[in-house]
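To convert, take the position in the sequence shown, counting from 1, and add 50; that gives our numbering.
Note that the Cβ used here is the ideal one computed from N, Cα and C, for glycine as well.
This report refers to the structure that appears directly beneath it.
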Amino acid sequence: MLDFRTQGYNGYSVKYSPFFDSRIAVASSANFGLVGNGRLYILGLTANGIVAEKWFDTQDSLFDTAWSESHENQILAASGDGSIKLFDIALNEFPIQSWQEHAREVFSVHWNLVAKDTFLSSSWDGTIKIWNPTHPTSLTTLPTHSCTYSAQFSPHAPTVLSAVTSDSHLRIFDLRTPASASNHLTLSIPIHTPPKARPGHAPPVGIPPSEALTHDWNKYRDSVLATAGVDRLIRTFDIRAPGAGPIAVLPGHEYAVRKISWSPHLSDILLSASYDMTCRVWTDGSAMGHGKEDGNMMQQDPMVFGGGREMGRMGRHTEFVTGVDWCLFGAEGWCASCGWDEKVMVWDVRAIMGP
51 MLDFRTQGYN GYSVKYSPFF DSRIAVASSA NFGLVGNGRL YILGLTANGI VAEKWFDTQD
111 SLFDTAWSES HENQILAASG DGSIKLFDIA LNEFPIQSWQ EHAREVFSVH WNLVAKDTFL
171 SSSWDGTIKI WNPTHPTSLT TLPTHSCTYS AQFSPHAPTV LSAVTSDSHL RIFDLRTPAS
231 ASNHLTLSIP IHTPPKARPG HAPPVGIPPS EALTHDWNKY RDSVLATAGV DRLIRTFDIR
291 APGAGPIAVL PGHEYAVRKI SWSPHLSDIL LSASYDMTCR VWTDGSAMGH GKEDGNMMQQ
351 DPMVFGGGRE MGRMGRHTEF VTGVDWCLFG AEGWCASCGW DEKVMVWDVR AIMGP
């Protein structure tokens with residue numbers, strides 16, 4: 051396990067470069083993001099450990115970052131002052147572009163993985179905005195009418211995007227649909243709808259809605275997403291059956307889940323980062339089928355649904371863990387995590403997984 055200290059700055063987001071397996075970026079904030087400036091670190095993984103190749107200081111906190119999918123040296127930063135900045139790590143410390151349209155903190159940025167010529171941002175102001183890095187203003191604004199902690203383009207379709215919000219809904223937008231009164235909204239799934247009861251099992255327990263903080267698209271199943279947030283539960287949904295409720299529910303974290311990420315290598319594996327100071331690896335149960343083991347697990351914990359389970363945890367962080375990301379290259383286990391303990395850690399998930 052490798053680690054690096056972001057001294058004086060608390061980590062919020064960590065992302066591997068899509069071009070280099072030895073380069074990661076960390077968005078961080080002074081004073082836990084409550085007040086003060088931010089710093090975007092560009093870190094290199096070397097034979098001598100993790101080294102800071104470059105960093106960019108900003109006037110306000112940074113909450114998320116996203117590498118360009120079309121230019122290996124360009125990277126976005128989401129700021130607490132409502133701005134989005136684009137940096138080029140081969141150039142000087144100033145951003146090469148900056149956009150200021152959001153009225154509140156920008157909490158997520160995400161590059162279009164398919165078209166590669168657009169990116170999105172989501173904000174506490176209740177909107178998602180679509181951008182082209184060569185345009186001075188946003189291309190489209192999508193209202194969610196709720197604090198939007200996480201938004202993403204689908205990795206399978208260039209015009210489809212998703213978001214989770216403080217009102218506990220998973221929203222799906224399709225930019226190909228008419229921009230009528232629905233503003234491209236095609237689905238709005240209440241996250242806290244209980245799963246449908248299975249034959250021979252008691253009805254699943256309902257939980258009051260709470261804020262959804264993070265979500266991610268499955269990289270192999272184009273209709274499956276996972277969500278998580280304040281209620282500590284990870285849920286997976288199939289948007290082909292939006293009224294069916296979650297297809298899997300994964301309990302275990304002791305505090306809010308701040309970040310989840312599906313594996314880029316295995317269709318049933320996902321990672322989570324939580325305020326309980328742990329990162330955990332899970333299977334959603336889709337690779338095992340649903341049989342006797344599923345029933346036994348439900349008897350032990352009535353919140354378990356879908357046959358998924360925790361496969362291991364990493365507990366080396368000493369404060370809230372806020373970011374986690376998989377390496378796209380090489381063996382399927384390497385990942386990075388960051389947290390409020392000023393630590394960035396690079397580690398192998400396979401080392402913590404049980405049998």
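Going by DSSP, M395 is part of the beta strand (DSSP E) stretching over K393 to D398. In this structure A77 is in contact with Y62, their Cβ atoms being roughly 5 Å apart against a cut-off of 8 Å. P292 has its alpha-carbon roughly 20 Å from the corresponding atom of D318. DSSP, read as helix, strand or coil, puts A401 in helix. When beta bridges are read from the DSSP output, T194 appears opposite no residue.
Under DSSP, S311 shares a beta bridge with L321. For H303, no beta strand (DSSP E) segment is defined, and its DSSP state is neither H nor E.
Within the same chain, and ignoring the five residues on either side of L378 in sequence, the residues whose Cβ sits closer than 8 Å to its Cβ are Y66, P68, D71 and P314. Shown here for V280: same chain residues with a beta carbon closer than 6 Å to its own, the five before and five after excluded, namely S260, E261 and A306 in chain order. In the three-state reduction of the DSSP assignment, P292 falls in the helix class.
When A381, P245 and R366 are compared, the shortest CA-CA separation from M51 is found for R366. In this structure, the CA atom of W105 is about 24 Å from the CA atom of R154. A residue is called buried once 16 or more other Cβ atoms fall within 10 Å of its Cβ, and T328 is buried on that count. The C-beta of Q202 has 16 or more other C-beta atoms within 10 Å across all chains shown, which makes the residue buried. For a cut-off of 8 Å, the C-beta gap from A298 to D272 is around 17 Å, too long to register as a contact. By the Cβ test, the segment 94-104 is not in contact with the segment 115-124, since fewer than three Cβ pairs between them sit closer than 8 Å.
In this structure, H234 lies near L225, with their beta-carbon atoms less than 8 Å apart.
Under the DSSP definition of a beta bridge, S336 lacks any partner. For W384, the enclosing beta strand (DSSP E) begins and ends at W384 to G389. When DSSP states are grouped into helix, strand and coil, A207 belongs to the coil group.
The continuous beta strand (DSSP E) containing K104 extends over residues G99 to T108. When the five nearest sequence neighbours on each side are left out, the beta carbons in the same chain lying within less than 6 Å of the beta carbon of Q109 are those of N87, in order along the chain. Our two residues, P205 and L263, have alpha carbons roughly 20 Å apart in a direct line.
Note that the C-beta distance between W384 and D375 is not below 8 Å.
Assigned with DSSP and collapsed to three states, A153 falls in coil, not helix or strand. With respect to L192, F223 sits close: the two C-beta atoms are nearer than 8 Å. Only residues of its own chain outside the window of five on either side were considered, and among them V331, W332, T333, M403 and G404 have a CB closer than 7 Å to the CB of M361, listed in chain order.
According to DSSP, S200 shares a beta bridge with V214. One thing to note: D53 has its Cβ no nearer than 8 Å to the Cβ of K309. The residue among V85, R73 and I178 with its C-alpha nearest the C-alpha of L95 is R73. Burial state of A337 is exposed, judged by a 10 Å Cβ sphere holding fewer than 16 other Cβ atoms. If the five residues before and after G83 are omitted, its C-beta is found closer than 6 Å to the C-beta atoms of S111, all from its own chain and listed in chain order.
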